[in-house]
Amino acid sequence: SAVISQKPSRDICQRGTSLTIQCQVDSQVTMMFWYRQQPGQSLTLIATANQGSEATYESGFVIDKFPISRPNLTFSTLTVSNMSPEDSSIYLCSVERSINTGELFFGEGSRLTVL
Amino acid sequence: DQQVKQNSPSLSVQEGRISILNCDYTNSMFDYFLWYKKYPAEGPTFLISISSIKDKNEDGRFTVFLNKSAKHLSLHIVPSQPGDSAVYFCAASKERDGNNRLAFGKGNQVVVIP
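Protein chains in written order, with the numbering used here: chain A, 11 to 125; chain B, 41 to 154.
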C-alpha cells in the first residue's frame, strides 16, 4: 500500500489569491494524479504529473490555472491560481495501486473554500 | 456530460441486510469498472473491480455484477455492517486511455443502521 499525505487538509482563501497543495507519497511512483471533487459532483481528473516532464492536463483544465510541479518520484504540488468561489472543492492527490488497472490510492484530500 | 451515473444518492439499510448500489454508464468503450468507498475527511479507497470480460466478481461480503448490454453494474454488500456506512463511488475506464483515467459517478451515501 501507499501512504499519501496532503497539505493543507483544508483552507479558506480569498478570491484572487493562489494556493499550493502539497502531496507526499511514502514510496517512489511514476505517475501522480490530481483530482477535484466539487460540491455534489463526481471526482474529476485534473492532470497527470510525471517526474521530469510537464504535466498532462485533461480537457477543461489548463496549466495557467492549475500549475503542477513534480520535482521527484515522491512529491508533487498543485497550485490553484487566481481563485474564485467556483474553485471551492476537495482536491485529491492519487497514485496507482497497481499498474494500469485504475485502482488508485488517494490522499485524504484538501478542502478549499474560496470566499 | 456525466458518463457514469449513480442515482438514488442515499440508501439506508438495517445491519445484516443486503445493500445494493446501482451504477449506469453511457460509454460502450468502458471496459473496466471499479467501486471506491469514502469515509468523511478521508480519501476514497479502492473496494472492488470488474473487467468487461466478466459478469460477476466477488470479494468477501462485496460482489459486483456487470450487465454490459444494459450498461449497468451493481455492488452488493451482504451482510451490511455499521462500518460500511460511507459514500460509494462507481468508476469506469477504457483500457486504451490507460486505466488510470477514470470517470467517476457522484457517489451514493450508505447508512447502515445498527
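Glycine included, each C-beta is placed from N, C-alpha and C at the ideal position.
>> For Ala131 (chain B) and Asp124 (chain B), what's the separation of their Cα atoms in angstroms?
In response: 18 Å
>> Is the beta carbon of Phe71 (chain A) closer than 9 Å to that of Ala59 (chain A)?
In response: no
> With a cut-off of 8 Å, do at least 3 Cβ pairs link the region 85-94 of chain A to the region 19-35 of chain A?
Replying inline: yes
> My guess is that Glu118 (chain A) and Glu135 (chain B) are in contact by the Cβ rule of under 8 Å, so how many angstroms apart are they, rounded?
Replying inline: Rounded, the Cβ-Cβ distance is 29 Å, inconsistent with contact.
>> Given this structure, state the Cα-to-Cα distance separating Ser48 (chain B) from Thr40 (chain A), to the nearest angstrom.
In response: 37 Å
>> Closer than 8 Å to a non-hydrogen atom of the ligand ADP - does that hold for the CB of Thr27 (chain A)?
In response: Ligands are entirely absent from the displayed structure, and the ligand ADP is therefore not among its contents.
> What's the C-alpha gap between Ser86 (chain A) and Tyr67 (chain A)?
Replying inline: 15 Å
>> Quick check on the DSSP output: what are the complete beta strand (DSSP E) runs of length 3 or more inside the region 70-100 of chain A, in order along the chain?
In response: 78-82, 85-90
> In whole angstroms, what is the alpha-carbon distance linking His116 (chain B) and Ile100 (chain A)?
Replying inline: 28 Å
>> Taking its Cβ as the centre, do 16 or more other Cβ atoms sit within 10 Å of Pro84 (chain B), making it buried, or is it exposed?
In response: buried
> Got a sec, what are the start and stop residues for the beta strand (DSSP E) Met42 (chain A) sits in?
Replying inline: 41-47
> Given a limit of 8 Å on CB to CB distance, which residues of the region 90-104 of chain B reach chain A?
Replying inline: none
>> Contact between the region 84-100 of chain B and the region 55-72 of chain B is defined here as three or more beta-carbon pairs at a separation below 8 Å; is this criterion met?
In response: yes
> For His112 (chain B), which residues from the same chain have a beta carbon less than 6 Å from its beta carbon, with the 5 sequence-adjacent residues on both sides left out?
Replying inline: Asp64
>> Just to confirm before moving on: does the CB-CB distance between Gln47 (chain A) and Leu83 (chain A) stay below 9 Å?
In response: no
> Does Ser52 (chain A) have its Cβ less than 9 Å from a Cβ in chain B?
Replying inline: yes
>> Distance check for Glu113 (chain A) and Lys75 (chain A), CA to CA, integer angstroms please.
In response: 27 Å
> Span of the beta strand (DSSP E) holding Ser91 (chain B)?
Replying inline: 85-91
> Who are Asn47 (chain B)'s beta bridge partners in DSSP?
Replying inline: Asn47 (chain B) is not bridged to any residue.
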